[in-house]
Amino acid sequence: MWRAFVYCAMLLVSAVASLGQEHCEWKQTGLFKLRHRDRVLVDHVIASHNVTNPTHCSMNCLSNERCASFNSKKQDQQSYMCELNSKSAAEAPGSLVNMTDGNYYDASDSKAVWKALRKLFIFSKKQNREIDPSKIQDFLALKNLHGPLASSECTEPNTRNSNEEKGPHCAVVENDRKKLLYITFVRSHLGYARKIWAPQSYISNLRPSLMTLPLTNVSQLIALCAASAIFATDCQDLHTRFPYLPSGVYKIDPNDGSHDDAYLAYCDMTSEGGGWTMCYTSDDKADPRREVTYDPAHPYGMDGYRTNCNPLEFNEIVFTNGADHAWFKRQGDLALKVKSSYTNDTDYADANGLWEGNGVASTSYLYQLLLCDDTFLKGFFVSGFIENTYKRCNNWSGDRSSNYYRLAAAKTSFAGVAFNENGHIALPNKLMSVGLRKK
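Read in order, the letters of the sequence shown correspond to residues -20 to -1, 1 to 419 in mature numbering (1 follows the signal peptide of the UniProt record, and there is no 0).
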């Protein structure tokens, strides 16, 4: 799992630098600052690398424990030579020499931060290193760590001085890179200290999300890396720990044990406050008690998406249809456990209490909930509590006035999916997803 930390942190370093190259001509790159243009440090080179992008120099330096600075030498339009130095220009000022198309970089932040980040990149050599809790607390004490990835002021060529080079020019706020360093260190070391590891197969699944995530917020990207190392009990747990985490598939472990039985589930981190563990998506029928395996061939939002919600506790439930969300909160907030709440044809909904409607759900009456495992109906079933009458999975008390949220029943007279409409009739099939959270 230490490889995952190194991967995440290197990706963050590269992301900061490459984002600047794609959108702006940065005067400062990644974790390093351009100290001398057309000058390089000689007599202290410990390694050389041919690269196609100068930002790779910073990654090479970070992964080499002896590297204190580097030279970037442009060879042609598509290649650069990175020279890693064992000393900085401040330590060996007499070793700086002039060189056209050669630039000198060294660490842009304080020694304390640099040393902290260095530890992260040498986990592979020192896996058994004990983390000093006081250092973690020092970093956690830092305030205002959430913010944009970089604050830049870009101007078009016609608004700049005519003597400037063509192309955008950006001024990068130094504090944003410090935030990146601090949060990376804290999140990674916390995961390492707890010795909570995700399997390598999960990290492989995570990498596409990391590569395609819009790089607009440091905290979101840091959270995604950190989530790869932590087994949360459900999506709400993840959302609480990492509020900037984007929606996606994550590994959860409701039993919070050895993690051998952890599994993948889609987490909706944005709808109605976020933190929803999405149980299934169907346009007809589903069997949440038995259909419990996530299949990448049926991603969330597609008919056939499933995961295991049976171990979860919940006091809120959401039904989604397209952009519409209807969610319900149990009065009293007492949580139910899914696997002990299934009902058959003899059980009424009274044991599950009354629920308040939110989102697109009508607020003119309260609701009742059934978790059906019956030959007549399966899945979560929410409907209005009308005339003080509780329903059963196979007996809907003739309720033809309240709105239903249900999958298709076995009888053709109650076929189709009901979403925010009376379901005491046959309806067309429509795609509906159901998710849970405990707050």
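Positions of the beta carbon are idealized from the N, C-alpha and C atoms, including for glycine.
With 16 or more neighbouring CB atoms inside 10 Å of its own CB, Ala389 falls in the buried class. Contact annotation, Phe294 with Arg386: C-beta distance approximately 17 Å; criterion of less than 8 Å not satisfied. From the listed residues Ser75, Pro226, Tyr384, Leu357, the smallest Cα separation to Asp327 is found for Leu357. Asp18: member of the beta strand (DSSP E) spanning 12 to 21, first to last residue. From the listed residues Ala398, Leu316, Thr392, Cys247, the smallest Cα separation to Ser381 is found for Ala398. Per DSSP, the beta bridge partners of His305 are Thr300. Per DSSP, Arg221 is one residue of the alpha helix (DSSP H) stretching across 215 to 221. Of the residues assessed, Ile405 falls on the exposed side of the cut-off, its CB having fewer than 16 other CB atoms within 10 angstroms. Here Leu225 is buried, its C-beta having at least 16 other C-beta atoms within 10 Å. Shown here for Asn40: same chain residues with a beta carbon closer than 7 Å to its own, the five before and five after excluded, namely His29, Cys62, Leu64 in chain order. At least 9 Å separates the beta-carbon of Thr287 from that of Ala341. Check the Cα spacing between Arg269 and each of Leu351, Asp304, Gly74, Gly333: the tightest is with Leu351.
Ranked by Cα distance from Trp307, the options Met258, Ala27, Met282 are led by Met258. Membership of Trp335 in the beta strand (DSSP E) is indicated by the continuous run 334 to 339. Taking C-beta separations shorter than 6 Å and ignoring five residues to either side along the sequence, the partners of Leu407 in its chain run Gly396, Ala398, following chain order. According to the DSSP assignment, Thr273 belongs to no beta strand (DSSP E), since it is labelled neither H nor E.
Val77 carries a strand assignment under DSSP once its states are collapsed to helix, strand and coil.
Under the Cβ criterion (8 Å, minimum of three pairs), the stretch 262 to 277 counts as touching the stretch 359 to 374.
Between Ala69 and Asp23, the CB-CB gap reaches or exceeds 9 Å. Under the three-state reduction of DSSP, Thr343 is assigned to coil, being neither helix nor strand. Lys319 is the residue among Phe299, Tyr285, Lys319, Tyr280 whose C-alpha sits nearest the C-alpha of Asn235.
Check the Cα spacing between Ile26 and each of Asp283, Lys391, Phe50, Gly364: the tightest is with Phe50. Rounded to the nearest angstrom, the gap between the Cα atoms of Ile232 and Tyr84 is 45 Å. Secondary structure note for Leu416: its beta strand (DSSP E) is the uninterrupted segment 412 to 417. Between the C-alpha atoms of Leu334 and Tyr384 there is a straight-line separation of about 15 Å. Counting only the Cα atoms, Leu316 lies some 9 Å from Arg310.
In chain order, Tyr60, Cys62 place their CB closer than 6 Å to the CB of Val31, counting only its own chain and leaving out the 5 sequence neighbours on each side. Residues Tyr384, Arg386 of the same chain have their beta carbon placed closer than 6 Å to that of Gly403, with the five preceding and five following residues left out of the count. Rounded to the nearest angstrom, the gap between the Cα atoms of Val414 and Tyr280 is 11 Å. Ranked by Cα distance from Val229, the first of Asp214, Ser66, Asn368 is Asp214.
Per the C-alpha coordinates, the member of Gly255, Asp241, Asp240, Ala303 positioned closest to Phe222 is Gly255.
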